[in-house]
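Enquirer:
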Amino acid sequence: MPTADPQSYFPVLLQILLAGGTAAALVTLSYVVGHRTHSRQKDTPYECGIAPTGSARERFSVKFYLVAIVFILFDIEAVFLYPWVVVYRDLRLFAFFEMLLFIVLIVSGFFYIWKKGALDWAVRSSDETTNK
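Take 83 as the starting number for the sequence shown in my numbering and just add one per residue.
#1: What is the rounded straight-line gap between the Cα of F179 and the Cα of I154?
#2: Quick one: using the 10 Å Cβ neighbour count with 16 as the cut-off for buried, is D209 buried or exposed?
#3: Since I believe L201 is in contact with V215 (beta carbons under 8 Å), could you give me their beta-carbon distance rounded to a whole number of angstroms?
#4: Are the CB atoms of E159 and I188 within a distance shorter than 9 Å?
#5: Just how far apart, CA to CA, sit L173 and H117?
#6: In angstroms, rounded to a whole number, what distance separates the CA positions of R122 and Y91?
#7: Do you know offhand how far W166's Cα is from T110's?
#8: Which one of A86, W203, D87 and P88 has the shortest CA to CA distance from Y147?
#9: How big is the Cα-Cα spacing for S143 and G136?
Here it is, written out as structure tokens:
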């Protein structure tokens, strides 16, 4: 077992170098060996085998990005729950209340965006929004 800091970080550094070298080699190899021909047919956007309609440069609704951020937040919550479960027996009641606070904050944020309408995908007409 290595005792010095440089020795203990050597496997991590080696993995980073190998991954970076492999990625650089694959990108370089595809650039050198790849056949590059452009045509109108190849440059059109691919939409599941269906002929494309409209422009590929459409604007997305802000609600799309809000929902994406919500999914990322809940993924982060799930990532924090795994290590908590592993050390729960060691930390006992302290860990329980810390995670309870964390989950309450996440759920309160969820209810906030729900009430703001970020999860409502239906398009409302102008007379429906004035009645609220």
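Beta carbons: idealized from backbone N, C-alpha and C, even for Gly.
Expert: Short version:
#1: So the two alpha carbons sit approximately 24 Å from each other.
#2: Here D209 scores only 47 on pLDDT, less than 50, and its place in the model should not be relied on; the value that follows carries that caveat. When all chains shown are included, D209 counts as exposed.
#3: Residue 215 lies beyond the residue range present for the chain, which begins at 83 and ends at 214; the question has no answer from this structure.
#4: Contact: yes.
#5: C-alpha separation (whole angstroms): 58 Å.
#6: Approximately 50 Å, taken between the alpha carbons.
#7: Approximately 42 Å between the Cα atoms of the pair.
#8: When each option's Cα is compared against that of Y147, the closest is W203.
#9: Whole-angstrom Cα-Cα distance: 16 Å.
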